[in-house]
Amino acid sequence: MNHRTDTSVTVIGLGLMGRALAGAFLKAGHPTTVWNRTPAKADRLVAEGARQAPTAGDALRASPLTIICLTDYQAVHELLGASEAALDGTTLVNLTSGTSAQARETARWAGKRGARYLDGAIMAVPPAIGTDEAVILHSGPQADFEAHRPTLGALGTVTHLGADHGLASLYDTAGLAMMWSVLNAWLQGTALLRTAGVDAATYAPFAQQIATGVAGWLPGYAEQIDSGSFPAEVSALETDARAMAHLIEESEAAGVNAELPRLIKAMADRSIAAGHGAEQYPVLIEEFGRPRG
Ligand code: FVH
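Start counting the sequence shown at 0; every next residue gets the next number (numbering that gives the first Met the number 0).
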């Protein structure tokens, strides 16, 4: 994709992530204006060619596109609410972590101040910024995203999820649910095997193979969820529940925490009691919640 680099961009918030964002724009050749509550954090960026704005308002006025990346949404409202700058005509891309409700509310607030607003979520750590490995999700008006896609592309692999400003935060949170669940499942198995003298490094490749294998089931299971039909082609939920009992028994016998296996089995037992024992594992989606009516 041709990458125009003459578009000026502003970055507000130069924490660990903000400094990486500003650095990526500079590296891509964009005239970059920066501002941070603690000015000294801009020093290296200024040495690399960034312009340090004296106030947040000046930073906002300096570019048609402003990326803001602060600790939380309260900080965003405190800062932008206090800034004397009229936001009209600017496009704000908020890459601060938060909830979908905060994203939608901030979009409404920014709109009233005349700004075009995109919400976003960074699925990467600072060192990855500026490489294709950095996935950055955006939600809000597609036209606003497309207008700035070439510039935003300097940060990594940028994706537009849809017009609902809350989508980026929801995908971010859903992704974190996946990350923590996979890591906790790995820790459960690691704890169990360590009681038999197997160290974490020995088990890790096996765990990776399992995680990769299970990840391969997701598209087929997603089809079952979207169709509402869960034929047991591989294994019935009742069979899984028996193996869950083994995990609880093994964990308790080994003196390993069994809270997670107990939660897993409690949800399966509820679904079996509701008559789904002969269906396939994704039928458990009904224990997690229903789609928007
Ligand atoms: N770091 C990471 O790996 C993750 C990756 C995924 C996305 N997160 C989110 O990015 C936001 C910023 O995270 P961060 O790691 O850059 O955080 P800090 O290094 O602590 O920098 C925080 C910046 O926010 C400024 N700030 C805080 N409160 C205010 C305020 N009331 N007014 C103005 N600025 C404020 C702070 O300024 P200073 O302390 O340097 O003066 C920093 O610039 C975050 O949502 C992550 O969840 C990062």
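C-beta atoms are modelled at their ideal positions from N, C-alpha and C, and glycine is treated no differently.
Fair warning: this is a prediction, and the values are worked out from it, not measured in the lab.
Quiz item: How long is the line joining the alpha carbons of Ala199 and Thr189, rounded to whole angstroms?
Solution: 6 Å
Quiz item: Excluding five sequence neighbours on each side, which residues of the same chain lie with their C-beta closer than 8 Å to the C-beta of Leu293?
Solution: Outside the displayed span of the chain (0 to 292) sits residue 293, for which this structure offers no information.
Quiz item: Can you name the start and end residues of the beta strand (DSSP E) that Tyr116 belongs to?
Solution: 115-122
Quiz item: Tell me which same chain residues have a C-beta within less than 6 Å of the C-beta of Thr114, skipping the five on either side of it?
Solution: The question names Thr, but residue 114 is Ala in the sequence shown. Counting only Cβ-Cβ distances below 6 Å, and skipping sequence neighbours, we find Leu86, Thr89, Leu91.
Quiz prompt | Ser138 - DSSP class collapsed to helix/strand/coil | solution = strand
Quiz item: So which of Ala39, Thr4, His137 has the shortest CA-CA distance to Ile121?
Solution: His137
Quiz item: Which of helix, strand or coil does DSSP assign to Asn35?
Solution: coil
Quiz item: Run through DSSP, which three-state label would His147 get?
Solution: helix
Quiz item: Can you tell me whether Leu283 is buried or exposed, with buried defined as 16 or more other CB within 10 angstroms of its CB?
Solution: buried
Self-check item: Check: Leu192 C-beta below 6 Å from any heavy atom of the ligand FVH
Solution: no
Quiz item: Can you give the Cα-Cα distance for Pro290 and Met177, rounded to whole angstroms?
Solution: 19 Å
Quiz item: Taking 6 Å as the cut-off, is the CB of Ala55 close to at least one heavy atom of the ligand ATP?
Solution: Although the ligand ATP was asked about, the structure shown includes only the ligand FVH as ligands.
Quiz item: Is the distance from the Cβ of Trp185 to the Cβ of Ala206 below 7 Å?
Solution: yes
Practice problem: Look at the Cβ atom of Gly139, then the Cβ atom of Asp118, and state whether they are nearer than 7 Å. | Solution: yes
Self-check item: Extent of the continuous alpha helix (DSSP H) run through Val181
Solution: 166-193
Quiz item: Would you say Arg241 touches the ligand FVH, meaning its beta carbon is less than 6 Å from a heavy atom?
Solution: no
Exercise. Work out the CA separation of Ala242 and Val294 for me, nearest whole Å.
Key: Given that the chain is displayed from residue 0 to residue 292, the structure contains no residue 294 and the question cannot be resolved.
Quiz item: Would the C-beta of Val124 count as close to the ligand FVH, meaning under 6 Å from any of its heavy atoms?
Solution: yes
Quiz item: Can we count Arg112 as close to the ligand FVH, meaning its CB is less than 6 Å from some heavy atom?
Solution: no
Practice problem: Report yes if the C-beta of Met16 is less than 6 Å from at least one heavy atom of the ligand FVH; otherwise report no. | Solution: yes
Quiz prompt | Contact test: Ser62 Cβ vs the ligand FVH heavy atom, cutoff 6 Å | solution = no
Quiz item: Are the beta-carbon atoms of Ala277 and Leu191 separated by less than 7 Å?
Solution: no
Quiz item: Val255 to Leu262, Cα distance in whole Å?
Solution: 15 Å
Practice problem: Have a look at Tyr202 and Asn183 and give me their C-alpha separation to the nearest angstrom. | Solution: 14 Å
Practice problem: With a threshold of 6 Å, establish whether the CB of Leu69 neighbours any heavy atom of the ligand FVH. | Solution: yes
Quiz prompt | 8 Å contact criterion, which Ala257 and Ile247 should meet: CB distance rounded | solution = 5 Å
Quiz item: Would you call the region 52-66 and the region 28-35 touching, i.e. three or more CB-CB distances under 8 Å?
Solution: yes
Quiz item: What's the gap between the Cα of Asn1 and the Cα of Ala46?
Solution: Legend: pLDDT at Asn1 = 49, less than 50; position of this residue unreliable, no value from coordinates given.
Quiz item: Exposed or buried, Asp239, counting other C-beta atoms within 10 Å across all chains shown (16 or more means buried)?
Solution: buried
Self-check item: Chain-order list of residues whose beta-carbon lies under 8 Å from that of Ala123 (same chain, five-residue window excluded)
Solution: Glu132, Ala133, Val134, Ile135, Gly155
Quiz prompt | According to DSSP, residues forming a beta bridge with Asn93 | solution = Ile67, Asp118
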